[in-house]
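**Q** First, the structure itself, so that you have it in front of you.
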Amino acid sequence: MPSRIFVTGLGFISGLGNNAQENLNSLLNLRSGIGRIRHIETSLRDELLVSEVRMASEELSCLAGVPSTEAYSRNTLLGIIAAKEAYRHASLGDHPGLRTGLISGTTVGGMDQCEKYYQDFLFNDSKNAFIDIYDCADSTEKIADHLGLKGFMTTISTACSSAANSIMFAARLMKAGKLDCAVAGGTESLTKFHLNGFNALKILDKQLCRPFDAGRNGINLGEGAAYLILETEEANEKTGNRVICELAGYGNACEAFHQTASSPDGTGAYLAMKKALEMSGKTPDAVDYINAHGTGTDNNDLSEGRAIENLFTGKIPWVSSTKPFTGHMTSAAGSAEAIISILGLVHGIVWPNMNFSNQMPELKFRPVTEMIRGANLNLVMSNSFGFGGNDSSLIFKKYGVH
Amino acid sequence: MTSMKPIYINGLGSVSPQDMANSSRFLSEVKRSQSNRLACIEPNYREFISPDILRRMGRLIKMGVASSRICLEDAGCMMPDAIITGTGLGCLEDTEKFLTTLVRNREELLTPTSFIQSTHNTVSAQIALLLKCHNYNFTYVHRGWSFESALIDSLIQLRNGQASTVLAGGMDELTNVSFAITQRLGHWRRKPVETLELLKSTDRGSIAGEGSAFFLLSSSQSPRSYAELAEVYTFNRKTSGKALQTILLDFLERSGIKPGDIDLAVCGINGDTSSARPYKELADNLKNAGIAAWKHLSGEYQTSSSFGLWMASMIMKHQLLPEVAVIRKSEERPFNTILLYNHYLDLNHSFILIRKP
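If you read the sequences in order, they're chains A and B. For what it's worth, my numbering labels the leading residue of the first sequence as 1, then goes sequentially. For what it's worth, my numbering labels the leading residue of the second sequence as 1001, then goes sequentially.
See the structure below:
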C-alpha cells in the first residue's frame, strides 16, 4: 500500500486573487482582501467587512468557462476555477491510467441562489433550475464534469474544517489503494444566510479582525476556493510531476464541548494537532510554523492558543493566522490555508499575523507580526476548526527532507 | 480482497416510517398508508435525551441521536472510536426556519439557534457531545452517496486499524417545504398510493420518505453480529461508460465472489417507472438470487440505502425475508451473501455487499 502522499498542484481563488500566483503576490505585498461588500445584496452591506472574490458571478462564469445563462451557484463557479487551476498545474488529464478522485468540502452549497429565489421555489416554477443546485454535492458534481473526472467523488461538510477534512480523506483513500491521485479541497461563497448567521451569533468584528490580539472582537468572513493535487509516490513516478511538498500528517478530533464554542483548554485542537504530529513521526520541536485557525474570536484564539502551549511545551513554533488576509473562508479555509502554508514552506516565508498590537494576557507566546523571509522551514502545520467542535490539523513537509 | 480484515455489523438502530420499537417482530406488521409521503414513527425521545436539551433540538438531530443510542446499546458499545455520518440535505427544518426569517424579516431579528443547528454536521456533533466522544468525527453530504461515503471511510479506518469500532449512520428529514418543492419537480406520485401497491403500480414518481439508521461497525466479531460488511462501491453508470453488467461483474470479482453466490439482491426500486431499468438489469444478471425492496417501507430520500442496509442486516441475522419486502422469490436457500443495490436519480449508484459472519 502507498505510504507517501505528494502535493503536485495548487489552485486558489480568494479575495487576494484569482489564482495561486495572484494570491502569493498579495501575500508578499501584505495586501489584504478584506474590505467593503461589493457583490452580495445584503442589508449588512455597510456594516460588515468581508473578503470577497473581486469578480461578480457573471465574470466568474466567464473565467470558469460556463455560459452565464446556466444555473450555477457562485460556490460552484469558484470551485471550478480553483480546481481547474490545480488540475492543469499537475496536468493530470494526461494520465488516463491513473485513478483520480475528487473530494470537496462545502457547507453553503447553492444557498446564494436559494436565498434569492426561495419565494419562487415555494410559489412558482420560474426558478426551478436553481432548486437542483441547492445541495452541497452540486458543486462537486459540476467540478468533476468540468475536469472530466469520472471516478470516485464525494463531498464533506464539517463546517469550517470541511476542506481540511477533504484533504485528509483523499489521503486515506490513496493510502488504502482506492485512488492514485486526488483533487482535494473546498469551496465556499459568501451568502446572506451565513453572514446573518454569524452576525446573529455576534462573532463578527465590524472592524478588521485581529487574531490573537488581546482586544480581538471577532471574524471577518471571506470566500473562495482552494484545491490541492495529491499523488501517491507510485503515481508520481508515472506523472513525473514536480513534487511541491509532502503531506506528512493529519489528525481529526471532536471537542464534544459545545455546538459552536470551543472548550477553554482547547481539547479538540490539542488532540487534532497531536494526532497529526504522531502520524508525521515527528516531535513537537520539529514543527517550524503553525498556520493557526485564529479566527479572531475571543473564544477560538484563547482555546487554540492554550492548546498550542499545551502541545508545544518546549519552544513554541512561529504562529500566525492569515485570516486578516483572506477573511474566514469557512468551508474553504482548510485548503486555502493549507496552500498559504505550503507557499510559505516552499518560499521560506513565515506569513505575518496582521492587525496585531496587544499581547493576550492568557498566553505566553505572541504571533509573528512581521513577514520573515529566508526562514528555514521544513515542517508546517495548518489548523482548521469548525462548528460542532470538528477540529482538524494538517502537516506538510518540505520535499526531500527526512 | 478476500484476505482483507473482516469488518462486522455488531449493532443497529433506526428511526423510520416503520415501527422499530420491537425489532423481534421484524417487519411482520407493516405500517400501511395511502399517501405520497411517509413520515417517521418517532420514539419517545425522553428515553434517550434529557428534556432541557431536547427542547432546543431540531427534529433530524433527535432522530439521529435516538437511533445512534439504540444502535450503541444494541451493540453493547459505550464509546466508538469514530462517528461518521452521511446526510443528503442535513438539518432542513432549521435551515428553512432561518431562511424564512431571513427572507420575511429582511435580515432583521434573527436568532442564532436555527443557524447553529443548520450545519450538516450537527447530528454527528451532537451525538459526540452527548457521549463526550472526542474521537474522529466526519460528515459526508453527497446526495445518494452520502451514507455510502460514510461506510467507505469506516471500512478504511477499521481495516487499517485506526479504529476498532465506528458508529456510522445515514439520515435525512422530510419537511412540508421540501416535499412541496420536490413534488413540483415531479419526484413524487401525483396521487396518493397504497404503500404495498407502490412497487406493483406503473406510474411516474416515487413516494417521499425520511429516516435515520445507525450501524456499529467493528473489527471484532461478537455473538450479536448481524453480518460482515464486505465491500462498498459507488459509481455513476452514465459517466463510467460501462454497462451495469460489467460494473457488477468487476465489483463481484474484486470482492472475490461469483454472481451465483448472491442469495438475495436488496434493491432500491422506488415505484418510479423511469428509474426502474437499472434494477431490472441487475435482476437479469443475478438469475439465481431472490430480489427484495425497501423504498415502499421507507420512502425515497438521499440516504435511504441506510434503511436498506438495516433491512438487509436483519434478513441476514434472522435468516428471514419478510413477505412484504419480496419482489422475486428464489429457491429456498440460506442468506449467506446479500448485495444491496441502489441508485439516486440514476446519478449516484452504489453496491453494498454483506456476508454471513
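No residue lacks a Cβ here, since even glycine has one placed at the ideal position from N, Cα and C.
1. According to DSSP, what are the bridge partners of Arg31 of chain A?
2. Using a 10 Å radius around the Cβ and a threshold of 16 neighbouring Cβ atoms, would you call Leu1217 of chain B buried or exposed?
3. What is the residue span of the alpha helix (DSSP H) that Glu362 of chain A lies within?
4. Which residue marks the beginning of the alpha helix (DSSP H) containing Asp1310 of chain B, and which one marks its end?
5. Using 8 Å as the threshold, is the segment 175-187 of chain A in touch with the segment 1162-1172 of chain B, meaning 3 or more CB pairs across them?
6. Would you check whether the ligand NAP has a heavy atom nearer than 6 Å to the C-beta of Gly1013 of chain B?
7. Can a CB atom of chain A be found closer than 7 Å to the CB of Ser1050 of chain B?
8. Just to confirm, is the Cβ distance from Phe1335 of chain B to Asp1263 of chain B under 7 Å?
9. What in chain B is Cβ-close to Glu115 of chain A, meaning under 9 Å?
10. Straight-line CA distance for Thr404 of chain A to Ala176 of chain A?
11. Rank A:Asn390, A:Cys181 and A:Ala332 by C-alpha distance to the C-alpha of Ala269 of chain A and give the top, closest one.
12. State the start and end residues of the unbroken beta strand (DSSP E) segment that holds Glu1231 of chain B.
13. In this structure, does DSSP put Trp1188 of chain B in helix, strand or coil?
14. Check Asn1348 of chain B in the structure and name its three-state DSSP category.
15. Is any beta-carbon of chain B found at less than 7 Å from that of Asn383 of chain A?
16. On the CB-based measure, 16 or more other CB atoms within 10 Å of its CB, does Leu204 of chain A come out buried or exposed?
17. What residues of chain B sit near Asp135 of chain A, judged by a beta carbon separation below 7 Å?
18. Taking a contact to mean a Cβ-Cβ separation below 7 Å, would you say Asp1081 of chain B touches Asn1135 of chain B in this structure?
19. Less than 7 Å between the beta carbons of Gly1271 of chain B and Leu1198 of chain B, yes or no?
20. Taking only beta-carbon positions, decide if Leu191 of chain A is within less than 7 Å of chain B.
21. Our contact map puts Gly11 of chain A next to Glu85 of chain A with C-beta atoms below 8 Å; I'd like the distance itself, whole angstroms only.
22. Can you pull the chain A neighbours of His1187 of chain B, defined as C-beta to C-beta under 8 Å?
23. Whether or not the segment 1122-1129 of chain B and the segment 371-384 of chain A are in contact is what I'm after, with contact meaning three or more pairs of Cβ atoms, one per stretch, closer than 8 Å; do they touch?
24. Going straight from the alpha carbon of Met1001 of chain B to that of Gly151 of chain A, what length do you get?
25. With DSSP as the reference, label Leu394 of chain A as helix, strand or coil.
26. Closer than 7 Å, CB to CB, is Ile1181 of chain B near chain A or not?
27. Between the C-alpha atoms of Gly249 of chain A and Tyr1279 of chain B, what's the straight-line distance to the nearest angstrom?
28. Do Phe312 of chain A and Ala159 of chain A count as a contact pair if the criterion is CB distance below 7 Å?
29. Less than 8 Å between the CB atoms is what I'm expecting for Leu394 of chain A and Leu247 of chain A, so what's the real figure, rounded?
30. In this structure, what does DSSP give as the bridge partners for Ile1084 of chain B?
31. Closer than 8 Å, Cβ to Cβ, to anything on chain B: give me those residues from the segment 146-159 of chain A, in chain order.
32. If I follow the unbroken alpha helix (DSSP H) through Ser341 of chain A, where does it start and stop?
33. Taking the alpha carbon of Thr1202 of chain B as the point to measure from, which residue in B:Gly1241, B:Val1326, B:Leu1353 and B:Val1193 has its own alpha carbon closest?
34. Ignore the nearest five residues each way along the sequence and tell me which others in Phe169 of chain A's own chain have a CB closer than 7 Å to its CB.
35. Report the rounded CA-to-CA distance for Ser1173 of chain B versus Trp1145 of chain B, giving the unit in angstroms.
36. Tell me, to the nearest whole angstrom, how far the beta carbon of Leu201 of chain A is from that of Thr107 of chain A; I am working on the premise that it is less than 8 Å.
**A** A quick look at the data gives this:
1. Paired residues: none, contrary to the question.
2. Classification of Leu1217 of chain B: buried, given that the 10 Å Cβ count is 16 or more.
3. Glu362 of chain A -> no alpha helix (DSSP H), and no H or E assigned at all.
4. The sequence as given places Trp at residue 1310 of chain B; Asp does not occur at that position. First-last of the alpha helix (DSSP H) with Trp1310 of chain B: Ser1305 to His1318.
5. By the criterion of at least three beta-carbon pairs nearer than 8 Å, the segment 175-187 of chain A is not in contact with the segment 1162-1172 of chain B.
6. Because no ligand of any kind appears in the structure shown, any question about the ligand NAP cannot be addressed here.
7. With 7 Å as the cut-off, Ser1050 of chain B does not count as an interface residue toward chain A.
8. In contact: Phe1335 of chain B and Asp1263 of chain B (Cβ atoms closer than 7 Å).
9. The answer, in chain order, is Leu1099, Leu1102 and Val1103.
10. Not covered by the structure: residue 404 of chain A. The range shown for chain A is 1 to 402.
11. Minimum Cα distance to Ala269 of chain A is reached at A:Asn390.
12. Ala1227 to Phe1235 is the extent of the beta strand (DSSP E) around Glu1231 of chain B.
13. Note: Trp1188 of chain B maps to strand in three-state DSSP.
14. Looking at Asn1348 of chain B - three-state DSSP - the assignment turns out to be strand.
15. Not closer than 7 Å to any Cβ of chain B, the Cβ of Asn383 of chain A fails to qualify, so no.
16. Burial of Leu204 of chain A is indicated by the presence of at least 16 other C-beta atoms within 10 angstroms of its C-beta.
17. Chain B residues near Asp135 of chain A: Gly1088, Leu1089 and Arg1143.
18. Contact flag set, yes.
19. Contact: yes.
20. The residue you asked about is not Leu; residue 191 of chain A is Thr in the sequence shown. For Thr191 of chain A, no CB of chain B lies under 7 Å from its own CB, so it is not counted at the interface with that chain.
21. About 3 Å separates the beta carbons of Gly11 of chain A and Glu85 of chain A, which is inside the 8 Å limit, making them a contact pair.
22. Annotation: His1187 of chain B has no Cβ neighbours in chain A at a cutoff of 8 Å; minimum Cβ distance is about 11 Å.
23. Three or more Cβ pairs closer than 8 Å define a contact, and the segment 371-384 of chain A falls short of that threshold against the segment 1122-1129 of chain B.
24. Since pLDDT at Met1001 of chain B reaches only 44, below the 50 mark, its modelled position is unreliable, and the value read off the structure follows with that caveat. Cα-Cα distance, rounded: 20 Å.
25. DSSP places Leu394 of chain A in strand when its eight states are reduced to three.
26. The beta carbon of Ile1181 of chain B sits closer than 7 Å to some beta carbon of chain A.
27. Going by the C-alpha atoms only, they are around 42 Å apart.
28. With a cutoff of 7 Å on beta-carbon distance, Ala159 of chain A and Phe312 of chain A are scored as not near each other.
29. Contact holds; Cβ gap of about 7 Å.
30. Looking at the DSSP output, Ile1084 of chain B bridges to B:Phe1138 and B:Ala1168.
31. Flagged, chain order: Lys150, Phe152, Met153, Thr154, Thr155, Ile156, Ser157, Thr158 and Ala159.
32. For Ser341 of chain A, the enclosing alpha helix (DSSP H) stretches over residues Ala333 to His347.
33. Closest option to Thr1202 of chain B, Cα to Cα, is B:Val1193.
34. Only Ile103 and Ile156 meet the Cβ criterion.
35. Reading the sequence as shown, one finds Glu at residue 1173 of chain B and not Ser. As the crow flies, the alpha-carbon of Glu1173 of chain B is around 16 Å from that of Trp1145 of chain B.
36. Actually they are not in contact, since the Cβ atoms of Leu201 of chain A and Thr107 of chain A sit about 15 Å apart, beyond 8 Å.
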